[in-house]
Every structure is written in structure tokens, then in C-alpha cells.
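Peer 1: Numbering (full-length UniProt numbering), first residue to last: 1 to 227.
Can you keep this structure in mind? I'll have questions shortly.
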């Protein structure tokens, strides 16, 4: 019998693309700006989102919510709610990324709870992974990649796809850079080769360093998209 190869990825991705288009249309109708936050575990996604939310609220009066994606637990969603953000937790049970059907359910829950038209910005905190999330469009306006200094300057070399995909690059935990052998020149050169058009921001989400510059740029993107 001749060998037959069955491509299971194609129908999954096609179904996800249809859902992403539906989500995009839905977000457009309610003028909701959506940010897909990508990184490995421990890069500081949650702290970055919290700091960004504070500045978007204080600088531009924007109302933010968050969809939390994790393998298990609701730790991050609880943290977000304690900070005053509407939050929906998605536990993937082992899946290394979020998919359109999961986001659709979360958006339905937001719509029922507060009304989607009352949310200006949704952060999607994707599962911590540098490979899988890139393949799944979630209907977002912007995807951002957060790399932290302790992870090393070689991550864009080892995982180029996610850095090529991102519309903005955040280098987090720059306040601890002196304690780590992070080659800023190599990091910069690699991003110049992979994704020269994406803006870059060096931040310490914990201490606030660089966060105003990042948020000022983001507010400009949101205002442009919602005009």
C-alpha cells in the first residue's frame, strides 16, 4: 500500500482563520482594539499588561480588559481583577497556544458581563511559548513580543518566527541587565535582520522605566485604528 500523508494542520488553521475574521469584524463593530501579547513564561507579561493598563487609563481614559491564557490555574486572572480589570481565564489543559474559538467564548462572556462596546482595549495574554502562538490569528490589531533580559540575547536567533511576526518588540527587565551577560548589540543586530520595521522599547515593567514611551506609542496606534 502506498503511503498517504494526512495534513491535519490545514483544516485546523483554516477553521481558525474563519473565526479570526469573525472576531476582527466584531471588534471593528464595537471599536475595540485588541493586542496579542506573546512571550515565553516568566518574561513579565502580566506585570507589563498591568503597567500598560494604568497608563492607558490615566493618559487616555481607555477602558481595558484582559483574556488570560494558561495551561492551568487562574492566578493571573485574579491578579488582573484585583487591579480593577475585567478578566477572563482560559485554561488550555496542555495546549501551547490560544485559538479563535477560545477567544470567541471569552468575548461572548465579556459582552454579557459588561458589553463589548464598553471595552476599548483587550489584552490577550497568550500561553507562554515562543513557537505555537504565531500560527494562530486571534483577530488582533497588534501582536507584541516581550523578551526579558534574563532569557538571553540569543532568543531571536533561536526562535526567529515569533520575532518576525510581532508588530512591536519589548525588552523587559532592563533594570537587572548588569547582572546578566546580555549582548545588546547582538540583540539589536538580530532584530534589524528579522524585523527592522517593528518599533522597539526597552522597559522595566516592575520599576516603570521606559513604560511611558511604550504606552505613548501604543495610544497613538489605538487612536489611529479607532479614528
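Where is the CB? At the ideal position from N, CA and C, for every residue including glycine.
Within the stretch 48 to 123, note down every full beta strand (DSSP E) run reaching 3 residues or more, in order along the chain.
Peer 2: Counting only runs of 3 or more, we get 64 to 70, 87 to 91.
Peer 1: Check the C-beta distance from residue 31 over to residue 226 and give it rounded, since I have them as a contact under 8 Å.
Peer 2: Position 31 of the chain shown holds residue 31. Position 226 of the chain shown holds residue 226. Residue 31 to residue 226, Cβ: 5 Å. Contact.
Peer 1: For residue 17, collect the residues of the same chain with a Cβ closer than 7 Å to its Cβ; drop the 5 residues on either side in sequence, then sort them by chain order.
Peer 2: As a working note, residue 17 is residue 17 in the chain shown. Counting only Cβ-Cβ distances below 7 Å, and skipping sequence neighbours, we find 137.
Peer 1: For residue 187 versus residue 156, is the C-beta spacing smaller than 8 Å?
Peer 2: Taking the first residue of the chain shown as position 1, residue 187 is located at position 187. Taking the first residue of the chain shown as position 1, residue 156 is located at position 156. Closer than 8 Å, so yes.
Peer 1: For the stretch 152 to 169 against the stretch 110 to 122, do three or more pairs of beta-carbon atoms, one drawn from each stretch, fall closer than 8 Å, so that the two count as touching?
Peer 2: No contact exists between the stretch 152 to 169 and the stretch 110 to 122.
Peer 1: Between the alpha carbons of residue 171 and residue 218, how many angstroms are there, rounded?
Peer 2: By one-based count along the chain shown, residue 171 stands at place 171. By one-based count along the chain shown, residue 218 stands at place 218. So the two alpha carbons sit approximately 15 Å from each other.
Peer 1: Between which two residues does the alpha helix (DSSP H) carrying residue 221 extend?
Peer 2: Translated into positions along the chain shown, residue 221 becomes position 221. Unbroken alpha helix (DSSP H) run through residue 221: 211 to 226.
Peer 1: Please state whether DSSP places residue 20 in a helix, a strand or coil.
Peer 2: The residue given as residue 20 occupies position 20 in the chain shown. Helix at residue 20.
Peer 1: Give a yes or no on whether the C-beta atoms belonging to residue 114 and residue 26 are separated by under 8 Å.
Peer 2: Position 114 of the chain shown holds residue 114. Position 26 of the chain shown holds residue 26. No, the Cβ-Cβ distance between residue 114 and residue 26 is not below 8 Å.
Peer 1: Using 8 Å as the cut-off, can you tell me whether the stretch 124 to 132 makes contact with the stretch 90 to 99, which would need three or more C-beta pairs spanning the two stretches below that distance?
Peer 2: Yes, since at least three Cβ pairs between the stretch 124 to 132 and the stretch 90 to 99 fall closer than 8 Å, the two stretches touch.
Peer 1: Where do the N-terminal and C-terminal ends of the beta strand (DSSP E) with residue 169 fall, by residue?
Peer 2: Looking up residue 169 in the chain shown gives position 169. It spans 168 to 172 - the beta strand (DSSP E) in which residue 169 sits, taken as one unbroken run.
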